[in-house]
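Peer 1:
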Ligand code: XCC
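Numbering (our numbering), first residue to last: 17 to 648.
Given below as C-alpha cells:
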C-alpha cells in the first residue's frame with residue numbers, strides 16, 4: 017500500500033532534483049511513496065540552517081558561552097574576548113583535526129593488526145605483500161635480512177605505532193616528499209612531529225586562552241593535516257596493502273543493481289578493511305556457502321558501500337553498491353539481509369530505516385555502537401570467528417525477506433578500478449617517465465585529484481561527474497578516491513570506453529594504454545596514494561610538488577576528514593577547489609589567508625566554486641599557468 021501523502025508530481029520532481037544517479041531516482045521515488053525518511057528529507061526539515069553557525073561565528077566551547085558574533089548589533093566579541101577571526105579559526109582547526117583523528121585512528125587500527133599478525137595474536141590475517149613490507153622496513157631502518165616476515169611485521173608495526181606518540185618525533189613517510197616541498201614545510205614550521213601529537217596540540221590550542229592568533233592556529237592545522245596525509249592515512253593505505261595486497265587493475269560493477277534477487281545480500285559499509293576483508297574470507301567458507309543454499313538462496317552476494325567498499329573493490333573486485341547517499345536507498349530495496357558497519361559516514365538513523373524492512377544492521381566497533389543495531393565485538397584476536405558469526409546471522413535472515421517488497425531498481429554499470437601507484441607505474445611500463453613525457457608534450461595537460469563525499473547542498477553526484485567530464489574534455493587526467501570515484505563509476509567514466517568524452521590528447525593516451533580517463537585510486541585514506549604519485553612525479557622532474565601542473569577538488573564534500581585531506585593537499589603544494597563553502601565566511605581574514613595568503617607559505621591555496629563547470633575553468637587556467645612556469 018502506498019503510504020505517502022505527497023503528490024506524485026512533487027515526488028517525481030524531487031527525485032530528479034535530488035540526484036543524477038538513475039537507480040537512486042527510482043529508489044527515492046519509492047522512499048517518498050512509502051514515507052521512508054532519507055538524508056534529503058532531513059536536510060529539508062533543517063531549513064533554514066543557522067546563519068551564524070554557517071559563517072563559523074558561533075562558539076560553544078566553554079561555559080561562559082554560547083556566543084555569536086553579530087557586528088550589526090555591536091556584538092564583536094565572545095564573552096572571553098575572542099573576535100570573529102579567532103572564533104572562525106578555532107572552529108576550523110577543531111573540524112580539521114576531527115577529520116585527521118578519524119583517518120589516523122583507522123590507520124592505527126590497521127598498524128595494530130599488522131603488529132598482532134606478526135606476534136601471532138591476530139586471527140585469520142596474513143602478510144600478503146612481503147615486497148611492500150620489506151620496502152617499508154627499509155624506510156624505517158628495520159632489519160630484514162634472514163628474518164621471517166612475521167618478525168619484520170612486528171618491528172614495522174612497533175616502529176609505526178611509535179610515530180603516533182611523542183617519543184620518536186618523526187613521521188617517516190613524510191620523507192617521501194621531494195626536498196623542495198620539505199624545505200617549504202621547514203620554513204613554515206609545519207613539519208609534522210607525530211600523528212597524535214599534532215591532533216592533541218590542536219585541541220589544546222582551541223581551549224580558551226591558548227590560541228589567540230588566527231594565522232598561528234591555521235598554520236598548526238596544516239601541520240596536523242600533514243601528520244594525517246603523510247602519517248596516519250599513509251600508514252592506513254600502506255599497511256592495508258601489506259596485509260591484504262596492493263591493488264592491481266581489475267574490472268567490476270557498480271550501483272544499486274549489483275544486488276542479486278536470488279542471493280543473500282550483505283553490504284559492507286564504513287572504512288576499515290580489517291573487518292570487511294575478514295567478511296570476504298568468511299563468506300567464502302564452504303560451511304557458509306552450504307548454509308546459504310539450505311535457506312534457499314543461490315549463494316552469498318557481498319557488495320560494498322562508501323570507503324570500505326572502495327577498499328574491497330580495489331583489492332578484490334567486490335562490486336560496489338554505491339556511495340554515501342546510496343546507504344539508505346539500498347535498504348529500501350528490501351533485498352538486503354544485512355548491512356555490516358564499522359565506522360565513519362554511517363547514518364546513526366540506519367536502524368530506523370531498516371526497521372521498515374527485514375534488514376539487520378550489524379555494528380562491529382566499540383567506537384561506533386549504534387542504537388537499534390546488532391553488535392558483535394570485533395577485534396583482531398577474534399576476527400575470523402566473529403566474521404563467520406556475522407555472515408551466519410545474515411544468511412539466517414534470508415527467509416525473512418518479503419518477496420513482494422523487493423525492488424532492485426536496474427542493472428549495474430561496469431567499471432575498472434585498482435589504480436594503486438604501483439599499478440599505474442606498471443601500466444606505464446615500470447617508471448613514471450611515460451606520464452611525464454605525455455604531460456611535457458601537452459597530450460595530457462595535467463592531472464586533478466577529485467575526492468570527497470556527497471552533500472545534500474549539491475545534487476547527488478552532479479558535482480563529481482560534471483567536474484570530471486569538463487576536465488577530461490580539456491585533456492586533464494582525473495584520479496579519484498572515495499565517493500567521488502563511485503559517482504564517476506556509476507556514470508560510466510571509469511571504463512576505457514569513456515575516453516570518447518576526453519580531449520584528443522588524453523583520448524589517445526587512454527587508447528594506447530587501455531585505461532579510463534578517470535582512474536580509481538581507492539578509499540579516502542588512499543588520498544595518500546595521490547601524495548605518493550605526486551612525490552614520484554616531482555622527484556623525477558627535480559621540482560617541488562607545488563610546481564607540478566596538478567590540482568585537487570572536493571565538489572561535494574561534507575566530512576571533517578575532507579577538511580583534513582584538502583588541507584594536506586594545499587600544505588603539500590596542491591591548489592584545491594572546494595564545491596561547498598566551509599564555515600569561514602564570518603572572517604574576512606581567515607578567508608583571505610586560505611584563498612591567497614597561503615600562497616606565500618606553501619605556494620598553494622584553496623578556492624571555493626560551487627559550479628563544477630566554473631571550477632573546471634579555474635583549474636584548467638591554473639594548470640596552464642603551472643605549465644608555462646615549467647616552460648612546457
Ligand atoms: Fe565518507 Fe569515505 Fe566522504 Fe564518502 S568520501 S562520504 S568521508 S565514505 Ni571518503
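Quick reminder that beta carbons are idealized off the backbone N, C-alpha and C, glycines included.
Model, not experiment: these values are computed from the prediction.
Sort 639, 222 and 150 by Cα distance to residue 162 and report the nearest one.
Peer 2: 150
Peer 1: Give the list of continuous alpha helix (DSSP H) stretches no shorter than 4 residues that lie fully inside the segment 160–188.
Peer 2: 165–178
Peer 1: Report yes if the CB atom of residue 605 is closer than 7 Å to the CB atom of residue 101, and no otherwise.
Peer 2: yes
Peer 1: Just the C-alpha distance for residue 631 and residue 480, rounded to the nearest angstrom, thanks.
Peer 2: 11 Å
Peer 1: Tell me which residue opens and which closes the alpha helix (DSSP H) that residue 496 is part of.
Peer 2: Not the alpha helix (DSSP H): residue 496 falls in the beta strand (DSSP E), residues 492–497.
Peer 1: Going along the chain, which residues of its own chain have a beta-carbon closer than 6 Å to the beta-carbon of residue 648, five neighbours each way excluded?
Peer 2: Listed in chain order, the non-local C-beta contacts of residue 648 below 6 Å within the same chain comprise 456, local neighbours out to five positions each way being set aside.
Peer 1: Taking 6 Å as the cut-off, does the CB of residue 468 come closer than this to any heavy atom belonging to the ligand XCC?
Peer 2: yes
Peer 1: Hey, could you find the ends of the alpha helix (DSSP H) residue 290 is sitting in?
Peer 2: It spans 289–299 - the alpha helix (DSSP H) in which residue 290 sits, taken as one unbroken run.
Peer 1: What would DSSP say about residue 563, mapped onto helix, strand or coil?
Peer 2: Helix.
Peer 1: Would you kindly work out how many angstroms separate the C-alpha atoms of residue 544 and residue 497, rounded to a whole number?
Peer 2: 10 Å
Peer 1: If you draw a straight line from the alpha carbon of residue 422 to that of residue 572, how long is it in whole angstroms?
Peer 2: 30 Å
Peer 1: Does the separation of the CB atoms of residue 353 and residue 394 fall below 7 Å?
Peer 2: no
Peer 1: In the DSSP assignment, find the alpha helix (DSSP H) that holds residue 123 and state where it starts and stops.
Peer 2: 100–135
Peer 1: So residue 116 and residue 312 are in contact, right, with Cβ under 8 Å, and what is the actual spacing, rounded?
Peer 2: Between residue 312 and residue 116 the Cβ distance is about 47 Å, and since that is not below 8 Å, they are no contact.
Peer 1: Reducing DSSP to helix, strand and coil, say where residue 343 ends up.
Peer 2: helix
Peer 1: Can we say the segment 514–521 touches the segment 398–408, given the rule of at least three CB pairs closer than 8 Å?
Peer 2: Verdict: no, contact absent.
Peer 1: Which two residues bound the contiguous beta strand (DSSP E) that contains residue 580?
Peer 2: In the DSSP annotation of this structure, residue 580 is not part of any beta strand (DSSP E); the continuous alpha helix (DSSP H) holding it starts and ends at 576–587.
Peer 1: Distance check for residue 227 and residue 448, CA to CA, integer angstroms please.
Peer 2: Spanning the two alpha carbons is a distance of roughly 43 Å.
Peer 1: Kindly indicate which three-state DSSP category residue 34 falls into: helix, strand or coil?
Peer 2: helix
Peer 1: Please determine, among 639, 165, 342 and 645, the residue with the shortest C-alpha to C-alpha distance to residue 462.
Peer 2: 639
Peer 1: With the cut-off set at 7 Å, would you say residue 326 and residue 539 are in Cβ contact?
Peer 2: Yes, the pair counts as a contact, with Cβ atoms nearer than the cut-off.
Peer 1: Can you tell me whether residue 285 is helix, strand or coil according to DSSP?
Peer 2: strand
Peer 1: Report yes if the CB atom of residue 272 is closer than 7 Å to the CB atom of residue 367, and no otherwise.
Peer 2: no
Peer 1: Check the C-beta distance from residue 95 over to residue 603 and give it rounded, since I have them as a contact under 8 Å.
Peer 2: No, residue 95 and residue 603 are not in contact; Cβ-Cβ is about 18 Å, not under 8 Å.
Peer 1: Report buried or exposed for residue 636, applying the criterion of at least 16 other Cβ atoms within 10 angstroms of its Cβ.
Peer 2: buried
Peer 1: So, do the segment 377–390 and the segment 253–271 have three or more beta carbon pairs nearer to each other than 8 Å?
Peer 2: No, because fewer than three Cβ pairs between the segment 377–390 and the segment 253–271 fall closer than 8 Å, the two stretches do not touch.
Peer 1: Is residue 241 near the ligand XCC, with its Cβ less than 6 Å from a heavy atom?
Peer 2: Outside the cutoff, so no.
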